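Number 703 in the working numbering belongs to position 69 of the sequence shown; there are no gaps in the numbering.
Glycine is no exception: its CB is placed at the ideal position from the N, C-alpha and C atoms.
Keep in mind the model is a prediction, meaning the values are calculated, not measured.
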Amino acid sequence: MAADKDREVTFELVEHIGVFGKDAKGWTKELNRVAWNGGPTKYDVRSWDEGHHKMGRGLTMTKQELLDFKNLLEQVD
Numbered sequence: 635m636a637a638d639k640d641r642e643v644t645f646e647l648v649e650h651i652g653v654f655g656k657d658a659k660g661w662t663k664e665l666n667r668v669a670w671n672g673g674p675t676k677y678d679v680r681s682w683d684e685g686h687h688k689m690g691r692g693l694t695m696t697k698q699e700l701l702d703f704k705n706l707l708e709q710v711d
């Protein structure tokens, strides 16, 4: 299990979709399309530093999961 913890994470930011928040340190909460570790592109919600070099923990979704999430958000008052 230690090998997984030490494995380098690679990513390609394929499409920047938008920003929906910013903290005092300049990190932004974003929706992007990202390919992680050479895998298929997924929709990705997480915080990023200004240069997109460092990121916080996030949530990745397929297109169908994103559409289902959108439907849930539309129910929020």
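Residue environment, residue i, which counts as buried when at least 16 other CB atoms sit within 10 Å
i	result
glutamate 664	buried
aspartate 678	buried
asparagine 705	exposed
valine 648	exposed
Candidates the options, of which the one nearest residue i by Cα
i	options	result
leucine 693	Trp670, Asp711 and Lys659	Trp670
lysine 659	Asp683, Val643, Gly673 and Glu642	Asp683
lysine 676	Val653, Lys688, His686 and Leu701	Leu701
glycine 673	Met695, Lys639 and His686	Met695
Boundaries (first-last residue) of the beta strand (DSSP E) holding residue i
i	result
glutamate 646	645-656
asparagine 666	662-670
Close beta carbons around residue i, own chain, < 6 Å, minus the five adjacent residues each side
i	result
glycine 655	Lys663
phenylalanine 645	Val668 and Trp670
methionine 681	Per the sequence presented here, residue 681 reads as serine, with methionine not at that position. Excluding sequence neighbours, serine 681 sits near Trp661, Lys663 and Gly690.
Assumed close pair residue i, residue j - CB separation to whole angstroms, cut-off 8 Å
i	j	result
asparagine 666	histidine 650	5 Å
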